[in-house]
Amino acid sequence: MLSVQRPDLLPDPALSREEMEALQREIAAEASFENDLSFDPAAVTDGPLSTPGEGPPLVAGVDQAFLDDRAISAIVVSRGGEIVERVYAVSELSIPYIPGLLSFREGGPIVDAVAELTVEPDLVLFDGSGRIHFREAGLATHMGVVFDVPSVGVAKSLLCGTPTDTTDNLPEGARVPIEADADVTAAAGTVIGHAVQTRQYDSGNRSINPLIVSPGHRVDADTAAALVAALTDGYKLPEPTRRADAYAEEAKSLFDG
DNA sequence: GCGACAG
DNA sequence: ATCTTGTCGC
Numbered sequence: 001m002l003s004v005q006r007p008d009l010l011p012d013p014a015l016s017r018e019e020m021e022a023l024q025r026e027i028a029a030e031a032s033f034e035n036d037l038s039f040d041p042a043a044v045t046d047g048p049l050s051t052p053g054e055g056p057p058l059v060a061g062v063d064q065a066f067l068d069d070r071a072i073s074a075i076v077v078s079r080g081g082e083i084v085e086r087v088y089a090v091s092e093l094s095i096p097y098i099p100g101l102l103s104f105r106e107g108g109p110i111v112d113a114v115a116e117l118t119v120e121p122d123l124v125l126f127d128g129s130g131r132i133h134f135r136e137a138g139l140a141t142h143m144g145v146v147f148d149v150p151s152v153g154v155a156k157s158l159l160c161g162t163p164t165d166t167t168d169n170l171p172e173g174a175r176v177p178i179e180a181d182a183d184v185t186a187a188a189g190t191v192i193g194h195a196v197q198t199r200q201y202d203s204g205n206r207s208i209n210p211l212i213v214s215p216g217h218r219v220d221a222d223t224a225a226a227l228v229a230a231l232t233d234g235y236k237l238p239e240p241t242r243r244a245d246a247y248a249e250e251a252k253s254l255f256d257g
């Protein structure tokens with residue numbers, strides 16, 4: 001089970017906006033955007049074949065569903081595509097969604113769900129940004145640092161930063177770097193993540209938008225993108241995220257309908 | 001004042 | 001995120 005390593009950096013919704021931003025700068029200073037993994041990222045897949053001998057790493061997907069003022073946080077842990085554990089927690093939400101401060105709304109509920117885990121993931125995928133954040137401390141980075149676990153941010157749209165090329169109609173498998181600009185604390189030009197086209201229609205009129213992948217903690221930008229691509233299997237979202245998404249919806253339906 | 005931004 | 005019918009394309 002993962003345990004809180006930095007209680008001083010937990011997302012406190014009662015902080016003022018200024019204090020939240022100050023905490024994010026502190027988190028960014030504690031975060032590592034370099035690989036520090038317990039497994040070989042080049043051998044990761046969501047299928048059975050992987051590193052011979054020691055077996056694939058435990059990968060967790062985290063996602064949430066909402067119902068009134070409550071958040072249902074779900075975590076699904078799998079190894080080589082096989083589900084190892086599923087947990088969820090229902091938590092009261094105390095503050096609204098504010099761009100740039102997402103972890104202060106959803107971080108607490110996620111911590112609640114993590115407390116239910118009995119296994120310790122080698123990698124955690126979050127729904128949102130990591131380093132692609134004004135102060136380089138998005139949800140994935142915040143949670144990664146609090147638990148000191150390798151993490152990756154998987155977002156469906158870009159919060160900030162500038163793509164080095166167009167991200168429209170990219171072919172499947174394509175990857176476009178996202179660089180820090182004046183809106184980001186990192187030095188301009190620093191690659192803080194990538195647009196990753198995990199899926200695309202072969203032909204036709206419509207096109208699928210790429211995923212926005214960024215390092216959370218203990219993973220570099222290239223590896224984060226490669227891991228998400230390796231964990232994807234025919235759908236836009238990587239499998240760990242899809243499983244968490246489905247489980248969150250399932251848990252939610254237990255409460256309403 | 002304008003712009004604008006994860007879930 | 002959530003609210004929702006239809007509609008296009010494989």
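Position 121 of the first sequence, counting from 1, maps to 121 under my numbering, and the rest follow consecutively. We put the beta carbon where it would ideally sit given N, CA and C, even for glycine. Quick caveat, the model's predicted, so the values are computed rather than measured.
For residue i, name the three-state secondary structure that DSSP assigns.
i: Ile72; result: strand
i: Arg206; result: coil
i: His79; result: Just to set this straight, residue 79 is Arg in the shown sequence, not His. Arg79 falls in the strand class under three-state DSSP.
i: Val152; result: strand
i: Pro215; result: strand
i: Tyr247; result: helix
i: Asp36; result: coil
i: His142; result: helix
i: Leu9; result: helix
i: Ser103; result: helix
i: Ile27; result: helix
i: Ala226; result: helix
Would you mind stating whether residue i and residue j have Cβ atoms separated by less than 7 Å?
i: Pro150; j: Arg218; result: yes
i: Glu120; j: Leu2; result: yes
i: Ala65; j: Glu179; result: no
i: Leu67; j: Asp256; result: yes
i: Gln197; j: Leu237; result: no
i: His142; j: Ser103; result: yes
i: Gly161; j: Ile208; result: no
Applying the criterion that 16 or more other CB atoms from any shown protein chain within 10 Å of the CB defines a buried residue, is residue i buried or exposed?
i: Phe126; result: buried
i: Leu139; result: buried
i: Gly100; result: buried
i: Lys252; result: buried
i: Ala22; result: exposed
i: Arg25; result: exposed
Between the alpha carbons of residue i and residue j, how many angstroms are there, rounded?
i: Arg243; j: Ile192; result: 26 Å
i: Gly81; j: Pro7; result: 32 Å
i: Ala155; j: Gly130; result: 9 Å
DSSP puts residue i in a beta bridge; with which residues?
i: Tyr97; result: Bridge partners of Tyr97: none, in fact.
i: Val59; result: Ser78 and Leu123
i: Thr162; result: Glu179
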